[in-house]
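Notes for the one structure printed next.
Protein chains: 2
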Amino acid sequence: MASHYPKRVLFLDLVLSVFRLNGLLISEGDAMTQNMGLTHARWKVIAAIALSTNGLTVPGIARVLGQSRQAVQRITDVMVQDALLVYLPNPRHKRSVLVRLSDEGKVAYSQLREVQDPWAIATTDDIPTEELDTALRLVRRLIQKFDR
Amino acid sequence: MASHYPKRVLFLDLVLSVFRLNGLLISEGDAMTQNMGLTHARWKVIAAIALSTNGLTVPGIARVLGQSRQAVQRITDVMVQDALLVYLPNPRHKRSVLVRLSDEGKVAYSQLREVQDPWAIATTDDIPTEELDTALRLVRRLIQKFDR
DNA sequence: TAATTTTTGTCAGTATGCTGTCATCATCTT
DNA sequence: AAGATGATGACAGCATACTGACAAAAATTA
Numbered sequence: 474m475a476s477h478y479p480k481r482v483l484f485l486d487l488v489l490s491v492f493r494l495n496g497l498l499i500s501e502g503d504a505m506t507q508n509m510g511l512t513h514a515r516w517k518v519i520a521a522i523a524l525s526t527n528g529l530t531v532p533g534i535a536r537v538l539g540q541s542r543q544a545v546q547r548i549t550d551v552m553v554q555d556a557l558l559v560y561l562p563n564p565r566h567k568r569s570v571l572v573r574l575s576d577e578g579k580v581a582y583s584q585l586r587e588v589q590d591p592w593a594i595a596t597t598d599d600i601p602t603e604e605l606d607t608a609l610r611l612v613r614r615l616i617q618k619f620d621r
Numbered sequence: 474m475a476s477h478y479p480k481r482v483l484f485l486d487l488v489l490s491v492f493r494l495n496g497l498l499i500s501e502g503d504a505m506t507q508n509m510g511l512t513h514a515r516w517k518v519i520a521a522i523a524l525s526t527n528g529l530t531v532p533g534i535a536r537v538l539g540q541s542r543q544a545v546q547r548i549t550d551v552m553v554q555d556a557l558l559v560y561l562p563n564p565r566h567k568r569s570v571l572v573r574l575s576d577e578g579k580v581a582y583s584q585l586r587e588v589q590d591p592w593a594i595a596t597t598d599d600i601p602t603e604e605l606d607t608a609l610r611l612v613r614r615l616i617q618k619f620d621r
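Which chain is which? The protein sequence lines are U and F, in order. Start counting at 1 in the first sequence, then tack on 473, and there's your number in the numbering used here. Start counting at 1 in the second sequence, then tack on 473, and there's your number in the numbering used here.
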């Protein structure tokens with residue numbers, strides 16, 4: 474049983490499991506979007522923007538996704554060229570524009586949700602809400618610790 | 474409160490949070506190993522091998538880390554050249570060799586543990602073992618679902 | 001306000017990871 | 001045993017991500 478291990482080993486096990494789950498989730502997303510021509514770098518950006526409430530800047534997306542701002546900047550630049558995203562003036566910051574979904578981007582997101590919603594529901598079908606909630610809380614707690 | 478959201482949104486939130494935590498954990502590991510000349514591609518391989526009980530093949534490491542076997546193969550080939558790893562005959566498979574830490578690799582791992590252990594202990598200091606355990610169980614459950 | 005620090009955009013260079021492909025060997029099925 | 005299926009190693013091409021560096025703008029502090 475995992476609970477018989479010392480806490481340290483338990484945690485390191487969790488860390489490796491997060492790496493693995495990360496890879497599997499990307500595979501899942503890629504499988505869901507393969508007929509839409511979206512790479513994981515792109516649907517992650519779309520999802521991050523769609524789930525945000527107040528709009529996101531490029532460095533903001535990078536923070537949410539745990540990536541470098543340069544990597545995100547490169548992707549969003551290309552996605553603006555491909556008309557999936559638009560840059561909008563940011564009332565709170567003159568240089569750092571807000572990134573929004575274009576109409577085409579919104580279409581892509583709704584297409585994504587058509588497969589993502591059933592996937593999410595099926596995946597969590599046999600998992601109690603409380604378990605998801607406590608796990609999310611722990612993950613957020615760890616994020617807070619590591620986020621400078 | 475997160476628990477007032479529908480389960481689907483809770484889960485999608487967890488997914489994005491796993492992406493973010495994944496990035497932050499890599500940053501943490503890189504910070505710990507920066508004076509040892511290890512990249513995250515390398516310390517992940519070292520950790521995966523060190524935590525395995527029966528030895529791992531290249532595709533086995535890839536499965537544990539949630540990556541492609543080609544990516545791992547490339548890294549392990551270089552790490553064997555750099556004398557951090559050794560390939561050993563696999564009694565259970567003629568072509569697929571076992572990957573082990575060399576003496577130098579073991580030194581690197583013990584150096585890694587000198588910083589990793591205090592880090593793990595400090596990180597989980599204010600987190601009950603039960604929470605870690607339930608979170609690990611949930612993550613493993615998700616991994617099982619997605620791992621073909 | 002002035003000085004300092006932080007954030008952001010941008011570019012260059014490099015490392016890592018993925019897909020697709022093919023041949024080879026292992027394992028399973030019949 | 002023979003054939004079918006699956007796993008593995010190897011290679012090529014490409015996408016993605018990181019670091020470091022620099023300048024400009026913003027935010028913070030004195």
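From the three backbone atoms N, C-alpha and C, an ideal C-beta is built for every residue, glycine too.
Can you check whether the C-beta of residue i is within less than 8 Å of a C-beta belonging to chain F?
i, result
"U/Q543", "no"
"U/T526", "no"
"U/R613", "yes"
"U/T596", "yes"
"U/L487", "yes"
"U/D590", "yes"
"U/V559", "no"
"U/A514", "no"
"U/V553", "no"
Between residue i and residue j, is the Cβ-Cβ spacing less than 8 Å?
i, j, result
"F/L538", "F/A523", "no"
"F/L487", "U/V612", "yes"
"U/R515", "U/M552", "yes"
"F/T549", "F/V572", "yes"
"U/Q540", "F/G502", "no"
"U/V559", "U/I534", "no"
"U/K480", "F/L605", "yes"
So is residue i in contact with chain U if we call contact Cβ pairs under 8 Å?
i, result
"F/T549", "no"
"F/N508", "no"
"F/Q465", "Within the shown structure, residues of chain F are numbered from 474 to 621, placing residue 465 of chain F beyond reach of any answer."
"F/E577", "no"
"F/A520", "yes"
"F/V531", "no"
"F/V537", "yes"
Which bits of chain U does residue i rub up against, with CB to CB less than 9 Å?
i, result
"F/D620", "R493 and L497"
"F/A556", "In chain order: nothing, as chain U lies at least about 24 Å away."
Strictly below 7 Å CB to CB, what residues from chain F border residue i?
i, result
"U/Q540", "G496"
"U/K604", "One detail in the question is off: residue 604 of chain U reads as Glu in this sequence, not Lys. The contacting residues are T607 and L611."
"U/S490", "L609, V612, R613 and I616"
"U/E501", "F619"
Just to make sure I have the definition right: I need the residues of chain F whose C-beta is within less than 9 Å of the C-beta of residue i. Which are they?
i, result
"U/R568", "Simply none; closest approach about 24 Å."
Looking only at its own chain, which residues have a Cβ that is under 7 Å from the Cβ of residue i, when we skip the five neighbours before and after it?
i, result
"F/P591", "none"
"U/S490", "none"
"F/R542", "V531, P532 and A535"
"F/T506", "W516 and L585"
Looking only at DSSP bridge pairs, what is residue i linked to?
i, result
"U/T530", "U/L571"
"F/N563", "F/H566"
"U/L558", "U/L574"
For residue i, go through chain U and note every residue whose CB falls closer than 7 Å to its CB, in chain order.
i, result
"F/L483", "T602, L605, D606 and L609"
"F/A581", "Simply none; closest approach about 16 Å."
Residues in its own chain within less than 6 Å of residue i by CB, not counting five upstream and five downstream?
i, result
"F/N563", "S569, V570 and L571"
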